[in-house]
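Mapping of the sequence shown onto the working numbering: position 222 corresponds to residue 234, and the numbering continues sequentially without gaps.
We put the beta carbon where it would ideally sit given N, CA and C, even for glycine.
Computed from a predicted structure; not experimentally measured.
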Amino acid sequence: MDPFTRAKRVPTGGFTLVELLMVMMLLGIVLGVGLGMLTGLAPAERAVPGLIEETLRMSQRSAAVLGTPARVEFSGSTIQAQVMRPVGTWHFEDRSLMGAQGLEAVWLGANDPPFTAQGYEGLGLNLAAGAPGVLEISVASDPAFDWSDGFSIRFALRAEEWRDSIVMQAGNGLLVALSARGALGVEFRAVSVDEAGNESRGERVAVQTEPGAMVQNRWKDVEIVYDRRSLRILVDGLERVRRSEQARVWIGQPEILLSNKTRPFPGVLDRLVFHVQEILPPRVLPGDATFLADTPKQVVFAPGGGLDPLVHPAEVRIGWQVPEGRPEFLR
Numbered sequence: 013m014d015p016f017t018r019a020k021r022v023p024t025g026g027f028t029l030v031e032l033l034m035v036m037m038l039l040g041i042v043l044g045v046g047l048g049m050l051t052g053l054a055p056a057e058r059a060v061p062g063l064i065e066e067t068l069r070m071s072q073r074s075a076a077v078l079g080t081p082a083r084v085e086f087s088g089s090t091i092q093a094q095v096m097r098p099v100g101t102w103h104f105e106d107r108s109l110m111g112a113q114g115l116e117a118v119w120l121g122a123n124d125p126p127f128t129a130q131g132y133e134g135l136g137l138n139l140a141a142g143a144p145g146v147l148e149i150s151v152a153s154d155p156a157f158d159w160s161d162g163f164s165i166r167f168a169l170r171a172e173e174w175r176d177s178i179v180m181q182a183g184n185g186l187l188v189a190l191s192a193r194g195a196l197g198v199e200f201r202a203v204s205v206d207e208a209g210n211e212s213r214g215e216r217v218a219v220q221t222e223p224g225a226m227v228q229n230r231w232k233d234v235e236i237v238y239d240r241r242s243l244r245i246l247v248d249g250l251e252r253v254r255r256s257e258q259a260r261v262w263i264g265q266p267e268i269l270l271s272n273k274t275r276p277f278p279g280v281l282d283r284l285v286f287h288v289q290e291i292l293p294p295r296v297l298p299g300d301a302t303f304l305a306d307t308p309k310q311v312v313f314a315p316g317g318g319l320d321p322l323v324h325p326a327e328v329r330i331g332w333q334v335p336e337g338r339p340e341f342l343r
């Protein structure tokens, strides 16, 4: 080949910098519009499990953090959570009757409030000391203090003797009492509704532990739980008695009384914590989705956040379907 003859130039390809920038800009516009359209057209199947998981996790966290039961109900195209919420706490430290949520109690007795240094933790309220008195907690000013849909009451109790006595009254019906045989009982009045829709004080709902559940001169951690599935009494974390019930609780006069002047509790009470059950607004599944017929009516979380083994002895599977879609499941 003649070295002086110019070789035919073969294109080596490639864009100029300006061309490359223009291509990148066009790709960005196209991809941006495409992703925006995909986002706007996201199928309901992607939104449904997110809503279900969010509701279940919220309820589970409530059960784990507060140590109270929680549940989620499924019906048609709606999902609804029910959780316990703390509304009042009294630990009686620094000789104060003020609750943690700002609700103050008043001692109704001839003497000063009978604080004792022999409480469960620090000071306690010695209801057996001196002349009989009553600690009154008025909750009428707090609309959140509504236990008609359920409640959890926790307290530490030390009975100096066994005697028929009243530990606590709440409203016109909720009663916690100690028997002369050392049994602890609780009762409330259900809401009765007539044909016109008027509500009134209804039938008595009651449970009682076995005799000797409250050991004399020994502290006991007591929890009374009603979640409109069952009424239960737990002592030192162990369930002692349970009764199935679904009625709403009659409140009447919104106040809480500790002890009783005619039937005073012979002992010390400490660490009172009151929760009420809150029914959150129902949420509707997106995309006209509905739950499948074999989906459980509810998922119940036990205190601590685990599934309640009495309600769910096997794996829980939640199924739903959108119109003209296939069944989807969440386990």
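Burial state of residue i (16 or more Cβ within 10 Å)
i, result
"L250", "exposed"
"R241", "buried"
"R329", "exposed"
"G209", "exposed"
"T67", "buried"
"G145", "buried"
"G48", "The predicted position of G48 is uncertain, since its pLDDT is 46 and thus under 50; a value taken from the coordinates is nonetheless stated next. Answer is exposed; the Cβ neighbour count stays below 16."
"D239", "buried"
"D300", "exposed"
"V217", "buried"
"A326", "exposed"
"T274", "exposed"
"L322", "exposed"
Bridge-paired residues (DSSP) for residue i
i, result
"G279", "A171"
"V99", "The partner list for V99 (beta bridge, DSSP) is empty, contrary to what the question assumes."
"V328", "DSSP output for V328 lists no bridge partner at all."
"Q130", "In DSSP, Q130 forms no bridge with anything."
"G136", "T128"
"F303", "W332"
Local conformation of residue i per DSSP, three classes
i, result
"G62", "helix"
"V227", "coil"
"V77", "helix"
"R295", "strand"
"L342", "strand"
"L322", "coil"
"Q72", "helix"
"R166", "strand"
"L53", "Legend: pLDDT at L53 = 36, less than 50; position of this residue unreliable, value from coordinates given subsequently. The answer is coil: DSSP assigns L53 none of H, G, I, E or B."
Candidates the options: closest to residue i by CA position
i, options, result
"L284", "I236, I263 and A141", "I236"
"D161", "I263, F277 and V296", "I263"
"L139", "V311, N272, G318 and D239", "N272"
"L115", "E267, L342 and K309", "E267"
"A195", "R201, S164, G185 and E173", "E173"
"V203", "I291, Q113, Q258 and V280", "Q258"
Endpoints, the beta strand (DSSP E) within which residue i is located
i, result
"Q220", "E211 to Q220"
"W119", "A117 to L120"
"K232", "K232 to Y238"
"E85", "A82 to S87"
"G197", "L196 to V205"
"R255", "L250 to S256"
"F313", "Q310 to F313"
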